[in-house]
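Below is one structure; the comments refer to it alone.
Pasting the structure below:
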C-alpha cells in the first residue's frame, strides 16, 4: 500500500497481511505499485482470487509415534518420551504458526550411572566409605528402575609441575617422606576403570583395588576427567536409550581453563576423546583444562546429568531430577523467534514458560510452541532446529522452509508482447530491458516533453516529482539518497524519514515505509520500540504483573498503590498482601493451606521466612498480618521489603492459643458480680433516701423559724368562756389532785 513494493516478492515481505495481484488487466497503468495491498482491497478493485499471491505459514507433522508408558522391557530401544518426533514448518515472514509438543517421563526407564572418584590423598577416608557403595546404589536405584548399570573411573591431576610432585624421588611414590601416609601410587590425569555394567560385584572389586595418590596444589584435575567421561561414549559404555548420570566425588575445587598455562600448556582443550590403550587420558600433559562452557556443551550434547559430591541418597536426587521437564532449543536459526506456553498437571496454560515441575514419573505435560520468521534467507535456503527435554535422548526435529517466493514467477514470459517485446512479463508487471521504461516498456530513457510533466505532479502547482526526482516517459524517476531509498508515484515516499528510538530507525524492529514504521511481528508503537511479548511480565503462578498492573512494552506498569518489583510482586501495603503471604506461611511452616495441595509451594513461595518466639511490631517498614487458624488460634507475622530487593516474612513459630478458663472460677466470678451489683444498687438507694429526708427536714425547720406569732397576740385566739358548773368541777378536780399529791 505504501508504494515501496516493486515486485511480488517485495510485497510479501512487507507484512503477512499483504497480497499481490498478478492479474493482467488490473489497476492504473501508470502506477506499478498498486498491485500490493490487503486481500480485501484487491478484491474490491477487481482482482480475482486465483490471481492473488498471499501464502501463509503452515505446519506439517512428518513423524508422530505415540508416547510409551514403560521404559524397560523388550521394546526399551523404541521408548518414546516426546511427541511428535518430526515436523516441517513452511514460514512466511511475520506470519506466526504454532505446534504442540507432549512429553512424558516413562516408568522403569534404563539408568546408566558412572561414578567418577577423586583419588588424591585427601580422599582416603572417602575411598574407605565407598568400598561397598556399588551394592547400596544398586539396591536403592532398583526402587526406581529394573535396568541399572554402574561404571567407575578415577582422577587426580596432571602429572607435571606445578600440579604434581615430579622430582625423581617422587616418580614411583609421591608420598615419599610424608610421615602421615608414606606410600601411594603415582599421580595421573584420568583413568577409566570399569565400563558400565549390571555386575555390581565388579564395581565393588574395582573400588577395593584402588589406592590414593598425591598432588601438590589444592585444586584437582576433575574437569579433565568429566569431559573424557562424557565424550568417550564407546569406552564408558553409555547406552543411547538410557538416562545418563555422572556422579563426581571430590573434596576440593577443580582446575579451570587457563590454569594449564602455569605448567606451559597453551593449547586449549579440543573437546575430543583422548583415551589410550590403557584407558588413561593421553592429553593430560598436552592440553589445557577445559572451560566451563565447553564442559557444559559436551554434557548437554551427550544428555548427561552431572551430580557433584554426593555419596548418599543418590536415588532421591535422581527422583528429584525426574520430577521436572524442561525444553531446550538447539541450533535455532537467527531469523526465527520462538515462544513457549507450558500446560502442566493443573491444566492451566502458563505463557512464557518452557518447564513443568512437581511431576510424578508417568505424568504427561504439553507445550505450545509458536514460531515466527523475521525475514527471508537466500532463495532455496532450508534450515532446521531441535527441541529436546533436558537430559532426554528423545528430541523433536523441526525443518524449516520459507515462503518468500511467488508462484506467478514460474510463468515469467521473456520478450513478452505485454512489454513491447523488450522486457519480461512476470506477475502482472513488466521488467524492461536496459534503456527502456514505462508500464509497458513503451519509452526510452532520455525522452522528455511537456505532455508528460503534468502526470508527474501530485497536484497542480506542486513540484515535479516532489522535487526529489525527474519526470521521464510519464513517470517520476526518484533521485538516489545517501540516507536510503526514495520512491512512490511522485517520489513522495522514502524509507528513512520515520521515527527513531535511541538513534535507530524504527528501533531496529520494523521497516520504514513512506514515513511510517511498519513493525515486525511482536512489536508496536510509532517507532516499534514496544514489544508485545508478555513473558517477562508473567509470574510463576501465571498471572500478568501479579494482578496489580498491566504489561506495556514487555515491562510491568504497576497500578496498585504501593506495588513495585519487576512483576509488581512486592506490595506490603496492598489489601491482598497479607492474604498472599499467608498462603506461603501455611505451606512453608505448617504444610497446610491451598498451596500444599497442588505441590507448588516451593515454586511460588521463594521469600525468606524467619521464625521467632516473640514477634516485634515496632518496625515502621513492616506490615503486621494476623489470621485465625482452623483451631481458633491466632497466627501473627510481619511482611517487609529489604533494600536488597528480598521480601522477608517474620513469623511466630507457633500460633497463639488462649487457655480455657476454669469452671469454678467462672462460677465464682458470676456470683461475685451479682452480689457486687446488688450492694452498689442498695447503697445508691440509701443515699437517695438520705438526701431526700434531709431536704424535707430542712424545709420543716425553715417553716418553723418563720412562725413568730405569740399566743396572746394571735388574732385567731379567743379567751375561753366558763360557767359555774364548769368552774366548780375544775376546783374540785384541782383540790382532789392537790390532796392526792400530798
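Residue numbers (the UniProt record's numbering): 1 to 742. Glycine included, C-beta positions come from ideal geometry on N, C-alpha and C.
In the DSSP output, what is residue i paired with across the bridge?
i: residue 368; result: 100, 341
i: residue 63; result: 86
i: residue 373; result: 336
i: residue 384; result: 399
i: residue 244; result: 112, 304
i: residue 351; result: 341
i: residue 674; result: Partner(s): none; residue 674 has no beta bridge.
i: residue 523; result: 531
i: residue 120; result: 213
i: residue 249; result: 117
i: residue 744; result: Given a span of 1 to 742 for the chain in the structure shown, any question on residue 744 remains unanswerable.
i: residue 411; result: None; residue 411 has no bridge partner.
i: residue 771; result: Examination of residue 771 is not possible in this model, given that the chain is present from 1 through 742 alone.
i: residue 686; result: Answer by DSSP bridge pairing: none, since residue 686 is not bridged.
Please return the same chain residues whose Cβ sits closer than 7 Å to the Cβ of residue i, not counting the five positions on each side in sequence.
i: residue 709; result: Residue confidence for residue 709 is low, a pLDDT of 47 falling below 50, so the modelled location carries little weight and cannot support an answer.
i: residue 13; result: 93, 376, 404
i: residue 11; result: 5, 18, 20, 36
i: residue 203; result: 134, 150, 152, 194
i: residue 9; result: 404, 405, 406
i: residue 524; result: 530, 532
i: residue 712; result: Model confidence at residue 712 stands at a pLDDT of 47, short of 50, so the residue's coordinates are unreliable; what they give is reported in the following sentence. Here the set comprises nothing.
i: residue 63; result: 84, 85, 86
i: residue 132; result: 204
i: residue 304; result: 230, 244, 246
With a threshold of 8 Å on Cβ separation, who are the neighbours of residue i within its own chain once the five nearest residues in sequence on each side are excluded?
i: residue 588; result: 601, 605, 609
i: residue 750; result: The structure shown does not extend to residue 750, since the chain is modelled only from 1 to 742, so the question has no answer here.
i: residue 190; result: 153, 154, 155, 221, 224, 225, 228, 229, 280, 281, 284
i: residue 15; result: 94, 518
i: residue 463; result: 457
i: residue 218; result: 252, 253
Considering just the uninterrupted stretch of the beta strand (DSSP E) at residue i, what are its terminal residues?
i: residue 308; result: 304-308
i: residue 277; result: Where residue 277 is concerned, there is no enclosing beta strand (DSSP E), given that its DSSP letter is neither H nor E.
i: residue 11; result: It is not in any beta strand (DSSP E) - residue 11 instead sits in the alpha helix (DSSP H) that spans 8-14.
i: residue 518; result: 516-519
i: residue 328; result: 325-330
i: residue 511; result: 510-513
i: residue 222; result: Here residue 222 belongs to no beta strand (DSSP E); instead the alpha helix (DSSP H) covers 222-231.
i: residue 550; result: 549-552
i: residue 19; result: 18-21
i: residue 425; result: 423-426
i: residue 431; result: 429-432
i: residue 558; result: 555-558
Are residue i and residue j touching if we call contact CB-CB under 9 Å?
i: residue 512; j: residue 494; result: yes
i: residue 88; j: residue 80; result: no
i: residue 118; j: residue 252; result: yes
i: residue 54; j: residue 39; result: yes
i: residue 183; j: residue 157; result: no
i: residue 528; j: residue 501; result: yes
i: residue 98; j: residue 371; result: yes
i: residue 614; j: residue 655; result: no
i: residue 397; j: residue 85; result: yes
i: residue 115; j: residue 130; result: yes
i: residue 161; j: residue 216; result: yes
i: residue 24; j: residue 428; result: yes
i: residue 365; j: residue 103; result: yes
i: residue 581; j: residue 611; result: no
i: residue 188; j: residue 159; result: yes
i: residue 275; j: residue 235; result: yes
With a threshold of 6 Å on Cβ separation, who are the neighbours of residue i within its own chain once the five nearest residues in sequence on each side are excluded?
i: residue 243; result: 109, 111
i: residue 352; result: 535, 538
i: residue 320; result: none
i: residue 399; result: 88, 384
i: residue 623; result: 572, 639
i: residue 170; result: 176
Give the range of the alpha helix (DSSP H) segment to which residue i is assigned.
i: residue 44; result: 39-44
i: residue 267; result: Neither: residue 267 is in no alpha helix (DSSP H) and is coded neither H nor E.
Any beta-carbon of chain D closer than 9 Å to the one on residue i?
i: residue 534; result: No chain D is part of this structure, which consists of one protein chain only.
Below 8 Å, is the gap between the Cβ of residue i and the nearest heavy atom of the ligand NAP?
i: residue 539; result: The ligand NAP is absent from the structure shown, which contains no ligand whatsoever.
Q: Jot down the residue ranges of each uninterrupted beta strand (DSSP E) in the UniProt domain "Integrin beta subunit tail" (578-662), minimum 3 residues, whole runs only, in chain order.
A: Whole beta strand (DSSP E) segments, 3+ residues: 608-612, 623-628, 634-641, 647-652.
Q | Residue ranges of each alpha helix (DSSP H) within the segment 134-214, 4 or longer | A | For the segment 134-214, whole alpha helix (DSSP H) runs of length 4 or above, ordered along the chain, are 200-209.
Q: Would you list, in sequence order, the uninterrupted alpha helix (DSSP H) runs of no fewer than 4 residues that lie entirely inside the segment 439-505?
A: List check, alpha helix (DSSP H) in window: 450-453.
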